[in-house]
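S.K.:
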Amino acid sequence: MSLARRNLVQDKTRFMLSVLGVALAVMLILILSGFLNGMYRQISAYLDHAPGSIVVAQDGVRNLLGATSLLPADMDSLVKTRGAAQVVPILSQFVILDLHDKKVPAYLVGYEPKIGGGPWQLAAGREPRNDKEAIFDRVLAQQHNLAIGDTVAILDRDFTLVGLSDRTASWMTSFVFVRKAALEALLRAPGATSFLLVTPSVRVGEDELRRRLSDRSSIEVTPKSTMIANDLNLYGGVFSGPLRLMVAIAFLVGTLVVGLVIYTATIERQREYGVLKAIGARNSLLYRTVTTQALIASSLGTLLGVALAFGIAQLIMTVQPQFLIVFETSAVIQALLLGLAMALFAAWVPARVITRLAPAEVFRK
Amino acid sequence: MTNATFQVSQVTKRYGVGSTEVTAVRNVSLSVAPGEVVLIMGPSGSGKTTLLLMLGALLKPTTGSIQLNGTVLSALAENRLPDIRLREFGFIFQDFNLLSALTVLENVAIVAELAGLKSRAARQKAAAILTDLGLGERLNFLPEKLSGGEKQRVAIARALVNDPALILADEPTANLDSKIGHEVMRLLRRIAKEQQRSVVIVSHDQRIKDIADRVLWLEDGQFKEVTTMAIDPVCGMSVEQEKAISTEWDGRTFYFCAKGCRDEFMTKPQR
Ligand SMILES: Nc1ncnc2c1ncn2[C@@H]1O[C@H](COP(=O)(O)OP(=O)(O)O)[C@@H](O)[C@H]1O
Ligand SMILES: [Mg+2]
């Protein structure tokens, strides 16, 4: 029979408390890491889906979202002649929109619908056919009660909303797309280009193309993956520190809760453990009993925590769609391992108590 | 292992050092035969528990030796002792010390499992012993639902389950009222006799003297005078030889609780 299980069943309240402690900790850990993952995914969403493997920008600009870039004229034809299969020019600018008197930050992308660099998935509508049409991120539109056909002011001009893009939301800045010529006009910069999204030709290859462009001091040629990493660092880095700290605190709190519960349960039963020792039970058996108690509590708590995390994440994303919470398999496995680690840490101190128990003490009052 | 002989030679236990040194037991020798019930009495603080702990391999004597079946327990390495305690000794405590989360049956079975029995066999064995001790109706009760006497009977079952050579009991009646305490001790005596197990009881309860074959008096850590018990052949009561009325018949000495019993015996001594 399992003494561990019986002990737990006998102290139902305490048992429940420890399960709940682990569950809350695991839930918090999962939500926080899911939040971080979601944020990373949002930050890198545009470049992840954009064409090409190299990004050409103004000299010194090594990220997409954090800086303004203006390329010298005719750069696209130069890049093309040096060995690119495809060059997609975009003009982009971080702007503040006035949506019915609310200031809303947005990342405005001007692109050529025929070439690429626009939304990769439309939830509704179509791409802009002229310079008075725009696509809004679906969530951004929903939050401000905008529907297809509505008129929206972008900077000082009115646009008609013709499409809603999917997976371009972020709680920091959502994406708005217009034709490149429209943005040129808006910014009063005819012919301006911010970035070139470049696909090297198969013959030349990425490294060779970058080498061939290295003589141009007015531009910065960066692999797309580096560009993404820089964006993540710039925006995600601000949050990843505090989030990781919160994960560590959640782990600590979870461990403390199970640890304290198992510890007091052990202290309360130390006479019984002493009796077992006097009768002839070895320490190893008693360790196993205490550890099993911690493991049962933490496994149930972890499972509950994972379930809670999924439920709460769903709830958060329904109520606040600009937040993306992504649970990766690796994060769930990590949470399960953390739950296990909580149990082992929690069982450690009680095991010390048991080692120190002198069985002879059982005979004294 | 029921034909074990238990031999304690010149055992001394000192606690502490220097000015705080206490000699709890000094130069005690004792041997216990199979099936013999020995009662060690003495005032509080006389060293009874200390002696019992040494007998049960829970405390190493400062000097002297303790032997079981020729094995010198007091010289064994610490990590050998749990197994010896598990298989050779049964312990009965003053406050029962049952495991509160386990049922009566499980309290006994777990100790058999510790000694290597499979769960089912352990339960069967435990159930048989408990039933023999009159607890057949209580197998699935939790200890908190039992009376004191029942608890101590469970403790006796637990002490018996691994067929120990020697049962050690420390003040087993202290938490029982005198009638129940006496009954439980009589039960322990019956089993010791039936199964030829030795029993050492440490107690200051005068009322259980009659269940012992031998009563020893411990004072200041030493045995003072030895009282030998005998059974009155007429009424079956245990009597102290030194204080009893006695008579010789057919070359043997018989002891009686009172004159009436002797007179009755003499009418038909050949029985
Ligand atoms: N662990 C210990 N440390 C120091 N002194 C002890 C210890 N245990 C018992 N003693 C002392 O040894 C003596 C005998 O104690 P004990 O064996 O408990 O006697 P009893 O069981 O007859 O009451 C007492 O004077 C007691 O204070
Ligand atoms: Mg005592």
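Chains B and H, in that order, give the protein sequences. Residue numbers for the first sequence follow our numbering, beginning at 1437 and rising by one. Residue numbers for the second sequence follow our numbering, beginning at 708 and rising by one. Glycine included, each C-beta is placed from N, C-alpha and C at the ideal position.
(1) Below 7 Å between beta carbons is the criterion; list the residues of the segment 1578–1596 of chain B that meet it against any residue of chain H, in chain order.
(2) List the whole-angstrom C-beta distance separating ALA829/H from ALA808/H, where the pair is believed to meet the contact cut-off of C-beta under 8 Å.
(3) Could you name each continuous beta strand (DSSP E) segment of 3 residues or more that falls completely within the segment 733–758 of chain H, going from the start of the chain to the end?
(4) On the CB-based measure, 16 or more other CB atoms within 10 Å of its CB, does THR1550/B come out buried or exposed?
(5) Mind pulling the chain D residues with CB within less than 8 Å of PRO789/H?
(6) Mapping the DSSP letters down to three states, classify ILE1761/B as helix, strand or coil.
(7) Closer than 7 Å: is that where the CB of GLY763/H sits relative to any heavy atom of ligand 1?
(8) Taking 6 Å as the limit between beta carbons, can you name the residues of its chain near SER1469/B, skipping five residues before and five after?
(9) According to DSSP, what are the bridge partners of TYR1476/B?
(10) Cutting at 7 Å between CB atoms, please list the residues of its own chain near VAL868/H, excluding the five before and the five after it.
(11) Identify, in the order they occur along the chain, each residue of the same chain with its Cβ nearer than 6 Å to the Cβ of CYS968/H, setting aside the five sequence neighbours on each side.
(12) Comparing alpha-carbon positions, which option in ASN1581/B, LEU1514/B, LEU1591/B, ARG1562/B lies nearest LEU1544/B?
(13) Under a CB-based cut-off of 8 Å, is ASN847/H close to chain B?
(14) Is THR719/H near ligand 1 - that is, is its Cβ less than 7 Å away from at least one heavy atom of it?
(15) Go ahead and label LEU1681/B buried or exposed: buried means 16 or more other beta carbons lie within 10 angstroms of its beta carbon, across all protein chains shown.
(16) Any beta-carbon of chain B closer than 8 Å to the one on ALA834/H?
(17) Using the beta-carbon of each residue, find all residues closer than 5 Å to any heavy atom of ligand 1 and list them in chain order.
(18) Between GLY856/H, GLN902/H, LEU812/H, SER854/H, which has its C-alpha nearest THR838/H's C-alpha?
(19) Looking at C-alpha atoms only, which residue of ARG860/H, LEU894/H, VAL729/H, GLU743/H is the closest neighbour of VAL922/H?
(20) Ignoring anything shorter than 3 residues, give me the beta strand (DSSP E) runs that lie fully in the segment 833–891 of chain H, in order along the chain.
(21) Pick helix, strand or coil for GLY902/H, following the three-state DSSP scheme.
(22) Note down, in chain order, every chain B residue with its Cβ under 8 Å from the Cβ of THR756/H.
(23) Looking at chain B, is there any beta carbon in it that lies within less than 8 Å of the beta carbon of ILE817/H?
(24) Using a C-beta to C-beta distance shorter than 8 Å, which residues of chain H count as neighbours of GLN1446/B?
(25) Since PHE1613/B and ILE1571/B are thought to touch, with beta carbons under 8 Å apart, how far apart are those beta carbons, to the nearest angstrom?
(26) In chain order, what residues of the segment 1676–1707 of chain B put their CB closer than 9 Å to some CB of chain H?
(27) List, in order along the chain, the chain H residues whose C-beta lies closer than 7 Å to that of ALA1796/B?
(28) Count the CB pairs spanning the segment 1520–1532 of chain B and the segment 1614–1633 of chain B that are closer than 8 Å, and state whether there are at least three.
(29) State yes or no: is the beta carbon of ARG792/H nearer than 8 Å to at least one beta carbon in chain B?
(30) In the DSSP output, which residue or residues are listed as bridge partners for ILE908/H?
(31) List the residues that DSSP assigns as beta-bridge partners of LYS1539/B.
(32) Starting from the beta carbon of LEU1439/B, find every residue of chain H whose beta carbon is closer than 9 Å, and list them in chain order.
(33) Taking 8 Å as the CB-CB cut-off, is ARG1442/B touching chain H?
(34) Taking C-beta to C-beta, are GLY1741/B and LEU1466/B nearer than 8 Å?
(35) Chain B partners of ASP877/H, CB-CB under 9 Å?
(36) Which word fits ASP957/H, buried or exposed, when buried means at least 16 other C-beta atoms lie within 10 angstroms of its C-beta?
M.R.: Quick look at the numbers:
(1) Within the segment 1578–1596 of chain B, no residue qualifies.
(2) So it is not a contact: roughly 17 Å between Cβ atoms.
(3) Listed in chain order, they are 744–748.
(4) A small fix is needed here, since residue 1550/B is Lys in this sequence, not Thr. With fewer than 16 Cβ atoms within 10 Å of its Cβ, LYS1550/B is classed as exposed.
(5) No chain D is part of this structure, whose protein chains are labelled B and H.
(6) Judged by DSSP in its simplified three-state form, ILE1761/B adopts coil rather than helix or strand.
(7) Because no heavy atom of ligand 1 lies under 7 Å away, the Cβ of GLY763/H does not count as near it: no.
(8) Close CB contacts of SER1469/B within its chain, under the 6 Å cut and outside five residues either way in sequence, are with ALA1767 (chain order).
(9) None, per the DSSP bridge assignment.
(10) Taking VAL868/H as the centre and dropping the five residues before and after it, the same chain places the C-beta of VAL815, VAL818, ALA819, LYS832, ALA833, ILE836 closer than 7 Å to its C-beta, in chain order.
(11) Around CYS968/H: ASP939, VAL941, CYS942.
(12) Taking each of ASN1581/B, LEU1514/B, LEU1591/B, ARG1562/B in turn and checking the Cα distance to LEU1544/B, the smallest one comes out for LEU1591/B.
(13) So, not an interface residue.
(14) Outside the cutoff, so no.
(15) Result: exposed.
(16) Taking Cβ atoms only, chain B never reaches closer than 8 Å to ALA834/H, which makes this a no.
(17) With 5 Å as the limit, the residues whose C-beta approaches a heavy atom of ligand 1 more closely than that are TYR722/H, VAL729/H, ALA731/H, SER751/H, GLY752/H, SER753/H, GLY754/H, LYS755/H, THR756/H, THR757/H, in chain order.
(18) Ranking the options by Cα distance to THR838/H, first place goes to LEU812/H.
(19) Looking at the Cα atoms, GLU743/H is the closest of the given residues.
(20) Annotation note: the segment 833–891 of chain H contains the following uninterrupted beta strand (DSSP E) runs of length 3 or greater, listed N- to C-terminal: 873–877.
(21) The residue asked about is misnamed: residue 902/H is Gln in this sequence, not Gly. In the three-state scheme derived from DSSP, where H, G and I count as helix and E and B as strand, GLN902/H is classed as helix.
(22) Here the neighbours are PHE1799, ARG1800.
(23) Yes, its Cβ sits closer than 8 Å to a Cβ of chain B.
(24) Contacts between GLN1446/B and chain H, judged by CB atoms closer than 8 Å, involve SER807, ALA808 in chain order.
(25) About 4 Å separates the CB atoms of PHE1613/B and ILE1571/B; that is less than 8 Å, so the two are in contact.
(26) Listed by position, the residues of the segment 1676–1707 of chain B near chain H (Cβ gap below 9 Å) are ARG1705, ARG1707.
(27) Ordered by position in chain H, the residues that pass the 7 Å Cβ test against ALA1796/B are LEU760, LEU765, LEU766.
(28) Judged by Cβ distances under 8 Å, the segment 1520–1532 of chain B makes contact with the segment 1614–1633 of chain B, as three or more pairs qualify.
(29) Yes, because at least one Cβ of chain B sits closer than 8 Å to the Cβ of ARG792/H.
(30) Beta-bridge partners of ILE908/H (DSSP): LEU746/H, ALA876/H.
(31) DSSP output for LYS1539/B lists ASP1534/B as bridge partner(s).
(32) For LEU1439/B, the residues of chain H that pass the 9 Å Cβ criterion are LEU806, ALA808, LEU809, GLU813, ILE817, in the order they occur in the chain.
(33) Closer than 8 Å: yes.
(34) Cβ atoms of GLY1741/B and LEU1466/B: closer than 8 Å.
(35) Those are PHE1799, listed as they occur along chain B.
(36) ASP957/H comes out exposed.
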